[in-house]
Structures are given as structure tokens and as C-alpha cells.
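J.: Read in order, the letters of the sequence shown correspond to residues 5 to 202 in the numbering used here. Note that the Cβ used here is the ideal one computed from N, Cα and C, for glycine as well.
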Amino acid sequence: MKFRAPLFILLVMAVLSSCQKDDLPPAVSPTTRLFVVNASGEIFNIFQNGNRLNNDASLYPNGVFGYINIIAGQQNFQFKRMGSPDVSVAMPLTLDTLKSYSLYVTGLTTDEMFLLNDDFTADTGSVSMIRFVNASPETSNMDLVLRNVIAKADTVAKSQTDTISNIAFKSNSAFKAFVSGDVQVRIFKAGALNALTT
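1) Whose CA, out of Y64, I13, E46 and F81, lies closest to the CA of L38?
2) What's the gap between the Cα of K51 and the Cα of E142?
3) Can you name, in chain order, every residue of its own chain whose Cβ lies under 6 Å from the Cβ of G195, other than the five neighbours on each side?
4) Scan the stretch 63–92 and note each continuous beta strand (DSSP E) run of 3 residues or more that stays entirely inside, going in chain order.
5) Helix or strand or just coil, what does DSSP make of I47?
6) Check V137 in the structure and name its three-state DSSP category.
7) With a threshold of 8 Å, are at least 3 pairs of Cβ atoms found where one atom belongs to the stretch 134–153 and the other to the stretch 70–88?
8) On a CA-only basis, which of T110, N55, I191 and V91 is nearest G45? Give me that one, please.
9) What's the call for K84, buried or exposed, on a 16-neighbour Cβ count within 10 Å?
10) Between which residues of its own chain and F124 is the CB-CB distance below 8 Å, once the five residues before and five after are set aside?
11) Do V108 and A172 have their CB atoms nearer than 8 Å?
12) Can you tell me whether DSSP reads F12 as helix, strand or coil?
13) For a test of the three-state rule: what should DSSP assign to A94, helix, strand or coil?
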């Protein structure tokens, strides 16, 4: 009987101390956005700190994935071939919260991957923003020629042609404004006259 009152008081104190109103909410990790381009012949999955990012499907050759929100700061990324539990590539990336990024994968080694900062310009209505990225390790520097025929009401056609020149592997041009429409795209080896593709 003598122990009942002190035991009751201790129990009440324990319950009240566990119900503090100043509990902090769980920390929210800062995020950034990532776009992944598979310019390789591999089929793979991408992981951030061991958590798979492309949950819906593996990333096939010439496929893209993103923009997705991921944890910013210095993070560890892993790449695994489809169906394999083994990590083919593990690499740290430091990503800023105020930026968006594109990761180009031309093969499953760190030398065959490169990260670009996507410096977006505000939407300009009927103008597209175009950037040329050379993700082809087997070629020399590349040129991109864009030609757009813009129809006018007086039936006089006006064309816009832009050339982005001498872009090396793992390099990119700045974003350029280009009028939206039917555009002919041609890619050349730098300085060549015959297009590799149209």
C-alpha cells in the first residue's frame, strides 16, 4: 500500500513526459531534379543510395527517364544491368537543390557517363529552346544544323537556319532559341559536307 501512491505518481509523470507538445517533425531532405538519357547499348536500372529510381521499367537503349525529384547534396548512385544484382557502376554525385540536371549514360563505366546542368530559360511561347549534346563516344566533334521553313500569310516563305558547331564528346552547346514548327535536323562530323543523319 505504501508503494502504490509513489508508483502511481511515477507512472503519471512518465505518461505526461512522453506527450510533449514540442516534438519536432521528421527532417525533410532537400530535393533536386534529374533526367537520365540512355545513349548506350545497355539495359540498366539506376539507384540512389541503394533505392531504385526507375521503378516502372528498366532503362532501354535510346530511352530517357525523368525529370524526377531526388535527394540533393552528395549522394551515391549505382547502376545495375537489368536482371543482375551486381552493381556495374557506383559513383558519387553532388547535386544542388536550385538546379536541374541531365545524366548521360553512354556505357556502364564512370568514364562513359557525364552530368550536365540544365540551365532553363523561361518559356517564350512559340519559341523552342534547343541544346545539342554530343553523347557519341565513337565520333569526332559534331555539328548540328537546324532548318525551319516558316510559312507567311503572303505566301513568301522565310526560313531560319542555325548551326551549332564543333561539339566534342561529353560536351554541349548553350540553349538556343528556335521558332517552333517543322524542322529539318542534320548532324555532321565537324566541318564535313555530308550529313551523318538527317
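T.: Checking against the coordinates, here is how it stands:
1) In the sequence shown, counting from the first residue as 1, residue 38 sits at position 34. Selected option, being the one with the closest Cα: F81.
2) Counting from one through the sequence shown, the residue named residue 51 turns up at place 47. Counting from one through the sequence shown, the residue named residue 142 turns up at place 138. What sits at residue 51 in the sequence shown is Phe, not Lys. If you take the alpha carbons of F51 and E142, they lie about 27 Å apart.
3) Within the sequence shown, the letter at position 191 stands for residue 195. Excluding sequence positions up to five before and after G195, its CB lies less than 6 Å from no other CB in the same chain.
4) Segments of the beta strand (DSSP E) lying fully in the stretch 63–92: 68–75 and 77–85.
5) Taking the sequence shown and counting its residues from 1, the one referred to as residue 47 is at position 43. If DSSP states are grouped into helix, strand and coil, I47 belongs with coil.
6) On the sequence shown, residue 137 is found 133 positions in, with the first residue counted as 1. For V137, the three-state secondary structure derived from DSSP is strand.
7) The stretch 134–153 vs the stretch 70–88: no contact.
8) Counting from one through the sequence shown, the residue named residue 45 turns up at place 41. Of the listed residues, the one whose Cα sits closest to G45 is T110.
9) Position 80 of the sequence shown, counted from the start, is the residue given in the question as residue 84. K84 is buried by the Cβ-count criterion.
10) Taking the sequence shown and counting its residues from 1, the one referred to as residue 124 is at position 120. The residues are S104, M133 and F179.
11) As a first step, residue 108 must be located in the sequence shown, where it is residue number 104. As a first step, residue 172 must be located in the sequence shown, where it is residue number 168. Reading the sequence as shown, one finds Tyr at residue 108 and not Val. No, they are not a contact pair.
12) Stepping through the sequence shown from its first residue, residue 12 is reached at position 8. F12: helix per DSSP, three-state reduction.
13) Position 90 of the sequence shown, counting from 1, holds the residue named residue 94. In the structure shown, A94 sits in a strand (DSSP, three-state: E or B).
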